[in-house]
Amino acid sequence: MISMKNSYAQKGFTLVEVLIVLTLTGLFAGLIFSFAFGFWRYGYLLEADLNTFVSRLNAGDYLRENVGSSSGLIIQNSIADPNAMNPDPLITSNDYWEPIHAIPGNISVSTGTIPIIYFKRPSLDTSGDFAMNGSQPYEDEYVVYMDGDKDKIFVRTLSNPSVTNNRLLTSCPESIATISCPKDKEIISDIESVDMRYFSRTANTIDYTSIVDGFGNYIGPDFSVVEVAEFTLNIEKKPILQQTNATKSSTIIRIALRNT
Numbered sequence: 056m057i058s059m060k061n062s063y064a065q066k067g068f069t070l071v072e073v074l075i076v077l078t079l080t081g082l083f084a085g086l087i088f089s090f091a092f093g094f095w096r097y098g099y100l101l102e103a104d105l106n107t108f109v110s111r112l113n114a115g116d117y118l119r120e121n122v123g124s125s126s127g128l129i130i131q132n133s134i135a136d137p138n139a140m141n142p143d144p145l146i147t148s149n150d151y152w153e154p155i156h157a158i159p160g161n162i163s164v165s166t167g168t169i170p171i172i173y174f175k176r177p178s179l180d181t182s183g184d185f186a187m188n189g190s191q192p193y194e195d196e197y198v199v200y201m202d203g204d205k206d207k208i209f210v211r212t213l214s215n216p217s218v219t220n221n222r223l224l225t226s227c228p229e230s231i232a233t234i235s236c237p238k239d240k241e242i243i244s245d246i247e248s249v250d251m252r253y254f255s256r257t258a259n260t261i262d263y264t265s266i267v268d269g270f271g272n273y274i275g276p277d278f279s280v281v282e283v284a285e286f287t288l289n290i291e292k293k294p295i296l297q298q299t300n301a302t303k304s305s306t307i308i309r310i311a312l313r314n315t
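Per the numbering used here, the very first residue in the sequence shown carries number 56; after that it's consecutive.
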């Protein structure tokens, strides 16, 4: 005859067995979670690297195509911009961006708007033909600026008002953009800083601050003699599941100018 006491004693798990199962389950769950988390982090890192690579290529293509075919870099826009975001304090209309000169250096991201370069290009009409002013073409102007609040670089286009049926439209900040005034073109995001250098035809460095007159004013060579412009775009991006800007890359863009 089987004892009821022994029958009940053989059912269930001991406390030691339960602890072993819980420990092993927690261990394997931790390993699986660690592997999955690491896999996701690595995937997001690769995605960020690819995005910044594509962004650098697009920015390089835009600058080479548009600045390289320009009439040259300029100190300040001559076409009025009613939405100038960093206006010249000496001009009360606030329609003209602050002057910039051929000064090598680094522009780091900070709050607000920082102009990087201004340049001009021949105007085209809606048929794709040059809009001529006698024997010379009219010219539109472009403002390349850094938006430190968004860590992006944009281009403002300024259409020459003297051109009938100008193919180019003057652009606006995104917050006030319309069909007749499209938003400024974004050329790169996640920008950390831009390094700039300028060279003459003989490969000498151009620096507006290299010569000073008797009154302490800079009178060094300026954009009119710049034949080659070099821009180094430095990008930092924090991928998803990362605590720091793990993706860092730079691209050097050298552009031969056709100054007029």
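Even for Gly, the Cβ is constructed at its ideal location relative to N, Cα and C.
| Asked | Found |
| --- | --- |
| Buried or exposed: where does E194 fall if 16 or more other Cβ atoms within 10 Å of its Cβ makes it buried? | buried |
| If you reduce the DSSP assignment to three classes, tell me which class S279 lands in. | helix |
| Are the Cβ atoms of I290 and R119 separated by less than 8 angstroms? | no |
| Jot down the residue ranges of each uninterrupted beta strand (DSSP E) in the stretch 133-177, minimum 3 residues, whole runs only, in chain order. | 160-163, 168-177 |
| Rounding to the nearest angstrom, what Cα-Cα distance links T181 and S217 in this structure? | 14 angstroms |
| From S244, K175, Y197, N220, pick the residue whose C-alpha is nearest to that of K205; which is it? | S244 |
| Looking only at its chain, what residues have a beta carbon closer than 6 angstroms to the beta carbon of I208, apart from the 5 residues adjacent to it on each side? | M201, I242, I243, I246 |
| Three or more C-beta pairs under 8 angstroms: does that hold for the stretch 144-158 against the stretch 219-236? | no |
| If we count the other Cβ atoms within 10 Å of its Cβ and call it buried at 16 or more, is P170 buried or exposed? | buried |
| Just to confirm, are I155 and I130 a CB contact at a threshold of 8 angstroms? | yes |
| How about S178 and P192: do their beta carbons lie closer than 8 angstroms? | yes |
| For L79, which of helix, strand or coil comes out of DSSP? | helix |
| Alpha carbon to alpha carbon, how far is V283 from S126? Give it in angstroms, no decimals. | 13 angstroms |
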